[in-house]
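From first to last, the protein sequence lines are chains A and B. Take the first sequence: its letters are residues 37 to 237, numbered as in this note's numbering. Take the second sequence: its letters are residues 37 to 237, numbered as in this note's numbering. C-beta atoms are modelled at their ideal positions from N, C-alpha and C, and glycine is treated no differently. These notes concern the structure reproduced below.
2 protein chains.
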Amino acid sequence: MSDNTAESTARERAPRRMRTDARRNVEALLEAAKTVFSAAGVDAPAKEITDLAGVGVGTLYRHFPQRSDLIKAVIEREIDACADAAPALAAAHEPGIALARWLDRFTAFVATKRGFAAALHSGDPAFDGLPGYLMQKLGPALESLLEAATASGEIQTRISAQDLLYAVAKLCAPMPNEDPDYGRRMVALLVDGLRSGESPH
Amino acid sequence: MSDNTAESTARERAPRRMRTDARRNVEALLEAAKTVFSAAGVDAPAKEITDLAGVGVGTLYRHFPQRSDLIKAVIEREIDACADAAPALAAAHEPGIALARWLDRFTAFVATKRGFAAALHSGDPAFDGLPGYLMQKLGPALESLLEAATASGEIQTRISAQDLLYAVAKLCAPMPNEDPDYGRRMVALLVDGLRSGESPH
DNA sequence: GCTTATCCGGAAAGCTTTTCCGTATAGTTA
DNA sequence: TAACTATACGGAAAAGCTTTCCGGATAAGC
Chain A
37 MSDNTAESTA
47 RERAPRRMRT
57 DARRNVEALL
67 EAAKTVFSAA
77 GVDAPAKEIT
87 DLAGVGVGTL
97 YRHFPQRSDL
107 IKAVIEREID
117 ACADAAPALA
127 AAHEPGIALA
137 RWLDRFTAFV
147 ATKRGFAAAL
157 HSGDPAFDGL
167 PGYLMQKLGP
177 ALESLLEAAT
187 ASGEIQTRIS
197 AQDLLYAVAK
207 LCAPMPNEDP
217 DYGRRMVALL
227 VDGLRSGESP
237 H
Chain B
37 MSDNTAESTA
47 RERAPRRMRT
57 DARRNVEALL
67 EAAKTVFSAA
77 GVDAPAKEIT
87 DLAGVGVGTL
97 YRHFPQRSDL
107 IKAVIEREID
117 ACADAAPALA
127 AAHEPGIALA
137 RWLDRFTAFV
147 ATKRGFAAAL
157 HSGDPAFDGL
167 PGYLMQKLGP
177 ALESLLEAAT
187 ASGEIQTRIS
197 AQDLLYAVAK
207 LCAPMPNEDP
217 DYGRRMVALL
227 VDGLRSGESP
237 H
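Spelled out as structure tokens, the structure:
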């Protein structure tokens with residue numbers, strides 16, 4: 037560990053870093069995939085994605101050997117974005133508000149990205165790591181928000197971050213022909229349950 | 037329209053009833069599909085199903101023009117079985133017990149049949165009718181159980197049959213690597229919330 | 001037993017994903 | 001700057017799955 041390779045700890049044998057064109061293509065693919073998945077669902081043909089990204093299919097499959105790898109990468113990237121939103125909210129609002137806002141943000145993610153629910157319930161072992169990733173990234177974020185709100189007396193913690201995270205993830209996953217407010221309503225019920233008083237008649 | 041067509045009321049123009057070999061094949065296909073879906077998931081190749089059923093692919097696709105039609109049929113059939121369980125439970129147990137037992141039955145269905153969650157969240161419009169079917173078949177069943185339990189004073193109805201049905205369906209949908217008791221625990225939380233008293237400390 | 005509407009099986013067509021490999025190029029060294 | 005090489009690219013071809021098609025079989029009615 038002399039100088040430039042900051043993280044040559046032992047973890048990764050990775051010899052050299054990626055060529056810049058390769059890096060650019062990966063980026064373009066992820067962006068294109070996000071767009072196409074939103075428009076046409078995660079089952080959209082790979083061709084559509086490569087065309088939009090302006091690369092050949094070979095390039096797609098070199099970086100993401102399985103179709104599921106691409107889906108996984110897109111989802112993980114959106115989970116990261118969700119986690120990154122927490123500190124800013126915590127800094128800008130009172131604990132109770134910050135918690136509510138962040139839950140809104142997370143709810144929107146789950147409700148909007150159909151691909152997430154589809155992947156989770158697909159049964160494909162390729163996605164088995166996703167709940168773990170979610171927990172690992174979002175668990176601490178939610179936990180710190182919960183703790184702050186508890187400390188300020190705005191809520192009583194009666195549920196673990198993990199249980200709450202999963203409950204929201206499941207309740208807000210969109211079902212066809214569903215009242216679009218169902219998820220939000222159920223989460224509100226849950227969160228109301230956390231406020232100090234009794235149940236709201 | 038002279039005599040023999042016993043039910044020429046106006047409802048159905050259906051000229052004659054299905055040939056017996058056709059009926060038998062449909063039955064065999066549904067049974068085989070149920071087995072294969074359980075073992076290998078709903079994405080298992082059609083060939084596996086037709087082989088197990090002992091028919092050609094042509095036969096499969098005549099009766100179920102789209103792959104999704106077969107999945108839909110298998111799921112609807114299991115929903116029916118769930119609905120049919122309600123009257124027997126209501127007759128055999130006190131209202132509160134009957135309700136709990138039926139929710140167990142429903143929970144087991146949702147938790148066990150991965151195909152159900154997969155279909156619901158797939159985004160494929162072919163499955164858009166499924167929540168409606170669920171509600172139509174299971175709504176009345178649950179509603180009568182809820183009413184009986186409310187009438188006998190065992191619970192206070194604070195949630196509609198529809199909301200409860202969907203909440204259970206969503207909370208119990210299995211996620212990979214999840215505590216296998218998570219769903220049951222969450223449903224217990226919900227049902228406890230319906231009992232007359234306050235929240236159980 | 002004969003007729004005919006209905007159904008069957010599996011070959012082939014149509015798509016999508018995934019592999020493969022000759023060609024192109026970024027990065028490096030002199 | 002020029003040459004060299006490891007790395008990456010593109011798209012044709014292979015592989016696998018779903019869906020269509022149709023000549024041949026057969027249950028149902030007379």
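Short CB-CB distance (under 8 Å) between B/Glu214 and chain A | In the second sequence, residue 214 of chain B corresponds to position 178, counting from 1. Taking Cβ atoms only, chain A reaches closer than 8 Å to B/Glu214, which makes this a yes.
For A/Leu181, which of A/Pro210, A/Asp79 and A/Leu139 has the nearest alpha-carbon?
-> For the purposes of this step, residue 181 of chain A is identified with residue 145 of the first sequence, where counting begins at 1. A/Leu181 has its Cα closest to that of A/Leu139, out of A/Pro210, A/Asp79 and A/Leu139.
Within the same chain, show all residues whose beta-carbon is closer than 6 Å to that of B/Thr45, passing over the 5 residues directly before and after it, in chain order.
-> Walking along the second sequence from the start, residue 45 of chain B turns up at place 9. Because the pLDDT at B/Thr45 is just 31, under 50, the model does not fix this residue reliably, and the point stays unresolved.
What three-state label does DSSP hand B/Tyr218 in the structure shown?
-> To locate residue 218 of chain B, count along the second sequence from 1; it is residue 182. Correct three-state label for B/Tyr218: helix.
Count the C-beta pairs between the segment 51 to 67 of chain B and the segment 89 to 109 of chain B that are closer than 8 Å, then say yes if the count reaches three, no if not.
-> yes
Return the CA-CA distance between B/Asn61 and B/Leu156, expressed in angstroms with no decimal places.
-> Counting from 1 along the second sequence, the entry for residue 61 of chain B is found at position 25. Counting from 1 along the second sequence, the entry for residue 156 of chain B is found at position 120. Near 27 Å, if we compare the C-alpha coordinates of B/Leu156 and B/Asn61.
Identify the contact partners of A/Asp164 in chain B, using a Cβ-Cβ distance below 8 Å as the criterion.
-> Within the first sequence, numbered from 1, the residue matching residue 164 of chain A stands at position 128. Within chain B, the residues near A/Asp164 are Pro212 and Asn213.
Rounded separation between A/Leu88 and A/Glu112 - CA only = Here residue 88 of chain A refers to the residue found at position 52 of the first sequence. Here residue 112 of chain A refers to the residue found at position 76 of the first sequence. Going from the Cα of A/Leu88 to the Cα of A/Glu112 covers about 21 Å.
Simplified DSSP assignment, three categories, for B/Glu63 = Start at 1 with the first residue of the second sequence, and residue 63 of chain B comes out as number 27. Note: B/Glu63 maps to helix in three-state DSSP.
Please confirm if B/Pro81 has its CB atom under 8 Å from at least one CB of chain A.
-> Counting from 1 along the second sequence, the entry for residue 81 of chain B is found at position 45. For B/Pro81, the answer is no, since every Cβ of chain A falls outside 8 Å of its Cβ.
Give the DSSP-derived three-state secondary structure of A/Pro123 in the structure shown.
-> Here the question's residue 123 of chain A lines up with position 87 in the first sequence. Three-state DSSP puts A/Pro123 in a helix.
Using the rule of at least 16 other Cβ atoms within 10 Å of the residue's Cβ for burial, across every protein chain shown, is B/Pro131 buried or exposed?
-> The residue labelled residue 131 of chain B in the question sits at position 95 within the second sequence. Buried is the call here.
List, in order along the chain, the chain B residues whose C-beta lies closer than 7 Å to that of A/Ala154?
-> Looking up residue 154 of chain A in the first sequence gives position 118. His157, Ser158 and Gly159, listed in chain order.
Excluding the 5 residues preceding and the 5 following A/Val223 in the sequence, name in chain order all residues of the same chain whose CB lies nearer than 7 Å to its CB.
-> Residue 223 of chain A sits at position 187 when you count from the first residue of the first sequence. Taken in chain order, the residues that qualify are Leu139, Thr143, Val204, Leu207 and Cys208.
Anyone know if the C-beta pair for B/Phe163 and B/Ser104 falls short of 8 Å?
-> Start at 1 with the first residue of the second sequence, and residue 163 of chain B comes out as number 127. Start at 1 with the first residue of the second sequence, and residue 104 of chain B comes out as number 68. It is a contact, given that the beta carbons lie within the stated cut-off.
Decide if B/Lys83 is buried, meaning its Cβ has at least 16 other Cβ atoms within 10 Å, or exposed.
-> For this step, residue 83 of chain B is matched to residue 47 along the second sequence. B/Lys83 comes out exposed.
Rounded distance between the beta-carbons of A/Leu178 and A/Ile115, thought under 8 Å = Stepping through the first sequence from its first residue, residue 115 of chain A is reached at position 79. Stepping through the first sequence from its first residue, residue 178 of chain A is reached at position 142. Between A/Leu178 and A/Ile115 the Cβ distance is about 12 Å, and since that is not below 8 Å, they are no contact.
With distances taken from CA atoms, which of B/Gly77, B/Asp228, B/Asp57 and B/Ile133 is nearest B/Arg150?
-> For this step, residue 150 of chain B is matched to residue 114 along the second sequence. Closest by alpha carbon: B/Gly77.
Verify the CB distance criterion: does B/Pro167 have a CB-CB separation below 8 Å to chain A?
-> Here residue 167 of chain B refers to the residue found at position 131 when the second sequence is read from its first residue. B/Pro167 counts as touching chain A.
C-alpha distance - B/Leu135 paired with B/Val110, whole-angstrom precision = As a working mapping, residue 135 of chain B is identified with position 99 in the second sequence. As a working mapping, residue 110 of chain B is identified with position 74 in the second sequence. Going by the C-alpha atoms only, they are around 25 Å apart.
Interface positions of the segment 198 to 210 of chain A facing chain B (Cβ-Cβ less than 7 Å), listed along the chain = Tyr202, Ala203, Lys206, Leu207 and Ala209
Taking 8 Å as the CB-CB cut-off, is A/Tyr246 touching chain B?
-> No statement about residue 246 of chain A is possible, as the shown extent of chain A runs from 37 to 237 and does not include it.
Indicate the three-state DSSP secondary structure (helix, strand or coil) for B/Cys118 in the structure shown.
-> Along the second sequence, one-based indexing puts residue 118 of chain B at 82. If DSSP states are grouped into helix, strand and coil, B/Cys118 belongs with the helices.
Residue from B/Ser74, B/Met171, B/Asn213 and B/His129 whose Cα sits closest to the Cα of A/Leu166 = If you number the first sequence from 1, residue 166 of chain A lands on position 130. Looking at the Cα atoms, B/Asn213 is the closest of the given residues.
Does DSSP put A/Lys149 in a helix, in a strand, or in coil?
-> Start at 1 with the first residue of the first sequence, and residue 149 of chain A comes out as number 113. Three-state DSSP puts A/Lys149 in coil, outside helix and strand.
Report the option in A/Gly159, A/Ser196 and A/Ala69 whose CA atom is closest to the CA atom of B/Ala80.
-> Here the question's residue 80 of chain B lines up with position 44 in the second sequence. Among A/Gly159, A/Ser196 and A/Ala69, the Cα nearest to that of B/Ala80 belongs to A/Gly159.
Is B/Arg60 near the ligand SAH, in the sense that its beta carbon is under 7 Å from a heavy atom of that ligand?
-> Questions concerning the ligand SAH fall outside what the structure shown contains, since it holds no ligand whatsoever.
Whose C-alpha, out of A/Asp57, A/Leu125 and A/His129, is nearest the C-alpha of A/Arg141?
-> Indexing the first sequence from 1 puts residue 141 of chain A at position 105. Considering only alpha carbons, the answer is A/Leu125.
So, does the CB of B/Arg141 fall closer than 8 Å to a CB anywhere in chain A?
-> Locating residue 141 of chain B in the second sequence gives position 105, where the first residue counts as 1. Not an interface residue.
Indicate the three-state DSSP secondary structure (helix, strand or coil) for B/Leu226 in the structure shown.
-> Along the second sequence, read from residue 1 onward, the residue named residue 226 of chain B stands at position 190. B/Leu226: helix per DSSP, three-state reduction.
Using a Cβ cut-off of 8 Å, which residues of the segment 63 to 94 of chain A contact any Cβ in chain B, in chain order?
-> Gly77, Val78 and Asp79
So A/Glu84 is in the alpha helix (DSSP H); what residue range does that whole segment cover?
-> Within the first sequence, residue 84 of chain A is the residue found at index 48, counting from 1. Taken as a continuous stretch (DSSP letters only), the alpha helix (DSSP H) holding A/Glu84 covers Ala82 to Ala89.
Please check the pair B/Ala147 and B/Gly219, which I expect to be a contact at CB under 8 Å, by giving their CB distance rounded to whole angstroms.
-> To locate residue 147 of chain B, count along the second sequence from 1; it is residue 111. To locate residue 219 of chain B, count along the second sequence from 1; it is residue 183. Confirmed, about 6 Å.
Proximal chain B residues relative to A/Arg150, where beta-carbon distance stays under 8 Å = Here the question's residue 150 of chain A lines up with position 114 in the first sequence. Those within 8 Å of A/Arg150 in chain B are His157 and Gly159.
Work out the CA separation of B/Ala75 and B/Asp86 for me, nearest whole Å.
-> Start at 1 with the first residue of the second sequence, and residue 86 of chain B comes out as number 50. Start at 1 with the first residue of the second sequence, and residue 75 of chain B comes out as number 39. First, the amino acid is wrong: residue 86 of chain B is Thr here, not Asp. Approximately 15 Å between the Cα atoms of the pair.
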